[in-house]
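J.: Under this note's numbering, read the sequence shown as residues 1 to 495, first letter to last.
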Amino acid sequence: MKQHWRSCAMLLALLCAASAVTSCGVNSDSAPTGTDTEAASAAESGTEARWHDALPSELDLGGQTFVIHSRGDEGPNLEIDTEKEDGEVLNDAIFQRNRGLEERLNMKLEVYPGSSWENYGQDITQIRASIAAGDNAWQMISVWGLYSSQLVLDNCFYDLTDMPYLDPGAPWWNQSAVQALTLADKRFLMVGDTSVLSTLGGSFVLFVNDTMCQRYDIDDIHQLVREGKWTLPKMTEYSKMAMSDLDGSGSMDENDQFGLLFAPYNTADSLYTAADIHQITLSDGMPVYTPAVERMTKLMETLYPLCFEGTMYGSYMDLYGTSMNSIFTSGQGLMIVSTLSGARGAYRDMEDNYTIVPLPKLDEAQENYLTPAYNGACLMGIPADNPDPEAAAAVMEAMAAASHYEVTPIYFKTCLQEKYARSEETVEMLEIIRDTQYVDAEFLWIDALGGVGYTMRNMIAQNTKDVASWVAKNEKSVENSIENMVSALEQLQNE
């Protein structure tokens, strides 16, 4: 299959893409219910009705081994494969999904765990070199979204647009992403239920200590969310209420109590998305720089004081996030900005009750909440040196479909809503979080777009809050980056 890739075919992809997952209800630790009750029964009995994709029933992949390169962190690895059943419901659902697929298609699945996020750049160099050499080391790649454009630009993936077996209209593929990932009649990466832990699990949310809310007579945050009144000013108000010098030292440190705990850079990025800020718009299908000075200025009016005037605002800024989890779990923090995966990880054994709510809107005038999936989402592609891309496409399709019915319901309903949620209100908030999930191309294409997605974090790093001056200073550089991208996009369209 001939490759045509000299430019950013993913740009439009994620400007509008929302969550890569949908969910179904469950009534036990293994069987989806509701509209999929019959499918669940079939899955348990091992009948052909278990499979909802349109792959031919006689498809036989001849015992091939399909190695999937994954980012080396726990979530991205686990969503691809696990070595054995261990009694943990999510682990076992993924194990059973893969072993069922292996038997059905007569093939073997393996995960190649790459580096974790700190060293993943080395993996990109390794992947690029391996594909250029034609090693066929991996038959599929679950690539970290932040780095995906680098590989796409280097012609490392097959065009999936007309690839046999893949059904982009199926419910296990996110439809907004499918639409946006298609540019110049080409689509190189797809996002679906296979990536549930790195998309939904990687979403930034706010964990709130319910016990402290009761202690300080804080209004019901759930009701504010329902009414569309959960905003940055309200979050700041509550943060001030909960601050306390517990040890009487006269200074605030990790031994004291805070209203808001956060790591500044990830928080700046996630609040940027949650505030519905966009600096890249489209004109005739091409990216255009339209700096959102007014909205960014309003965001910075809240963000800057939280970072640099914590003693007035009740906030605790931990540059790398190494201590804030322990402060929160010990009951010394009212709110913490973290990923949803914390519910099954860092906060699972917390003694105080907590709830989970979406990040606040910029103000009440903002129409909807936006839950940032950020740039940790893993996108599936077939490397260009794979001599049998159609077989890989069959595995991709079958794996996404099986995940839709056998893994996503377990993660969302059984794990998040039944196992880790501590109140009915949290269950309700999780529905809102899932339904408002948003993946922003301004972070995934950070270099090609002149770093606009990092505007807030870069300003915090340089201790400045003058958005207008920042935009004026960096505007030419951003526009040059986008002009180069537009030129590449035009060349792609002309091929």
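We put the beta carbon where it would ideally sit given N, CA and C, even for glycine.
Any contact between the segment 66 to 84 and the segment 132 to 145? By contact I mean 3 or more CB pairs, one from each, below 8 Å.
T.: Segments in contact, yes.
J.: Checking the sheet assignment: what are the DSSP bridge partners for Leu151?
T.: What you label residue 151 is simply residue 151 of the sequence shown in a count that begins at 1. Answer is none; Leu151 lacks a bridge partner.
J.: Would you mind reading off the limits of the beta strand (DSSP E) that contains Lys108?
T.: On the sequence shown, position 108 is the one that residue 108 refers to. Its beta strand (DSSP E) spans residues Met107 to Pro113.
J.: Which residues in the same chain have their Cβ closer than 6 Å to the Cβ of Ala421, if we skip the five residues on either side of it in sequence?
T.: Here residue 421 corresponds to residue number 421 of the sequence shown, with the count starting at 1. Counting only Cβ-Cβ distances below 6 Å, and skipping sequence neighbours, we find Val427.
J.: Across which residues does DSSP place Gln257 in a beta bridge pair?
T.: Along the sequence shown, read from residue 1 onward, the residue named residue 257 stands at position 257. In DSSP, Gln257 forms a bridge with Ser244.
J.: Based on the DSSP secondary-structure assignment, which residues constitute the bridge partners of Tyr289?
T.: The sequence position of residue 289 within the sequence shown is 289, counting from 1. According to DSSP, which records beta bridges pairwise, Tyr289 is partnered with Ile280.
J.: Closer than 6 Å by C-beta to Pro360: which residues in its own chain qualify, once you throw out the five before and the five after it? Chain order, please.
T.: Translated into positions along the sequence shown, residue 360 becomes position 360. Hits under 6 Å: Trp230, Thr231, Leu232 and Met235.
J.: Within 9 Å of any Cβ in chain D, is that where the Cβ of Asp352 sits?
T.: Structure shown: chain D not included; a single protein chain is present.
J.: Applying the criterion that 16 or more other CB atoms from any shown protein chain within 10 Å of the CB defines a buried residue, is Met140 buried or exposed?
T.: For this step, residue 140 is matched to residue 140 along the sequence shown. Result: buried.
J.: Using 8 Å as the Cβ pair cut-off and three pairs as the minimum, do the segment 359 to 376 and the segment 189 to 202 touch?
T.: Flag = yes, the segment 359 to 376 and the segment 189 to 202 touch.
J.: Start and end of the beta strand (DSSP E) containing Met140?
T.: The count along the sequence shown starts at 1 and reaches residue 140 at position 140. Taken as a continuous stretch (DSSP letters only), the beta strand (DSSP E) holding Met140 covers Met140 to Trp144.
J.: Can you confirm whether the segment 393 to 401 touches the segment 211 to 218 when touching is taken to mean that 3 or more C-beta pairs between the two stretches lie within less than 8 Å?
T.: Result no; under three Cβ-Cβ pairs closer than 8 Å.
J.: Nearest to Pro113 by alpha carbon, out of Leu319, Asp86, Leu59 and Ile127?
T.: Numbered from 1 along the sequence shown, position 113 holds the residue referred to as residue 113. Selected option, being the one with the closest Cα: Ile127.
J.: Give me the Cα-Cα distance between Asp499 and Met429, rounded to the nearest whole angstrom.
T.: Since the first residue shown for the chain is 1 and the last is 495, residue 499 is missing from the structure and cannot be characterised.
J.: Let's test the definition: count the other Cβ atoms within 10 Å of the Cβ of Val478 and tell me whether it reaches 16, buried, or not, exposed.
T.: Numbered from its first residue, the sequence shown carries residue 478 at position 478. When all chains shown are included, Val478 counts as buried.
J.: Does the count of Cβ pairs from the segment 115 to 131 and the segment 148 to 157 closer than 8 Å reach three?
T.: Yes, the segment 115 to 131 touches the segment 148 to 157.
J.: Assuming Val407 contacts Ala93 under a Cβ cut-off of 8 Å, what Cβ separation, rounded to an integer in Å, is found between them?
T.: Looking up residue 407 in the sequence shown gives position 407. Looking up residue 93 in the sequence shown gives position 93. Rounded, the Cβ-Cβ distance is 5 Å, consistent with contact.
J.: Taking just the CA atoms, how far does Ala392 sit from Ala365?
T.: The residue you call residue 365 lines up with position 365 of the sequence shown. The residue you call residue 392 lines up with position 392 of the sequence shown. Distance between the alpha carbons of Ala365 and Ala392 is about 46 Å.
J.: Helix, strand or coil for Gln64 per DSSP?
T.: As a first step, residue 64 is located in the sequence shown; it is residue number 64 there, counting from the start. Gln64: strand per DSSP, three-state reduction.
J.: Give the list of continuous alpha helix (DSSP H) stretches no shorter than 4 residues that lie fully inside the segment 301 to 362.
T.: The segment 301 to 362 contains these whole alpha helix (DSSP H) runs: 310 to 313 and 324 to 329.
J.: With a Cβ-Cβ cutoff of 9 Å, do Pro387 and Gln437 count as a contact?
T.: One-based indexing of the sequence shown puts residue 387 at position 387. One-based indexing of the sequence shown puts residue 437 at position 437. No, these two residues do not count as a Cβ contact at 9 Å.
J.: Please report how far the alpha carbon of Leu444 lies from the alpha carbon of Gly248, in whole angstroms.
T.: By 1-based counting over the sequence shown, the position of residue 444 is 444. By 1-based counting over the sequence shown, the position of residue 248 is 248. Their backbone Cα atoms lie some 45 Å apart in a straight line.
J.: Thinking C-alpha only, which one of Gly72, Ser315, Val111 and Arg71 is nearest Lys84?
T.: The residue given as residue 84 occupies position 84 in the sequence shown. When only C-alpha atoms are compared, the closest one is Val111.
J.: For Lys108, tell me which candidate among Glu88, Gln64 and Arg71 has the shortest Cα-Cα distance.
T.: As a position in the sequence shown, residue 108 is number 108, starting the count at 1. That would be Gln64, whose Cα lies nearest to the Cα of Lys108.
J.: With distance defined between alpha-carbon atoms, name the residue in Ser198, Phe207, Thr194 and Asp162 nearest to Lys186.
T.: Residue mapping note: residue 186 aligns to position 186 of the sequence shown, counting from 1. Considering only alpha carbons, the answer is Asp162.
J.: What does a CB cutoff of less than 8 Å around Asn353 pick up in its chain, not counting 5 residues either side in sequence?
T.: Translated into the one-based positions of the sequence shown, residue 353 becomes position 353. Around Asn353: Asn209, Asp210, Thr211, Arg422 and Ser423.
J.: CB Val452 to CB Met286, shorter than 9 Å?
T.: For the purposes of this step, residue 452 is identified with residue 452 of the sequence shown, where counting begins at 1. For the purposes of this step, residue 286 is identified with residue 286 of the sequence shown, where counting begins at 1. Contact flag unset, no.
J.: So the candidates are Ile280, Thr297, Lys298 and Met296; which of them puts its Cα closest to the Cα of Thr290?
T.: By one-based count along the sequence shown, residue 290 stands at place 290. Ranking the options by Cα distance to Thr290, first place goes to Ile280.
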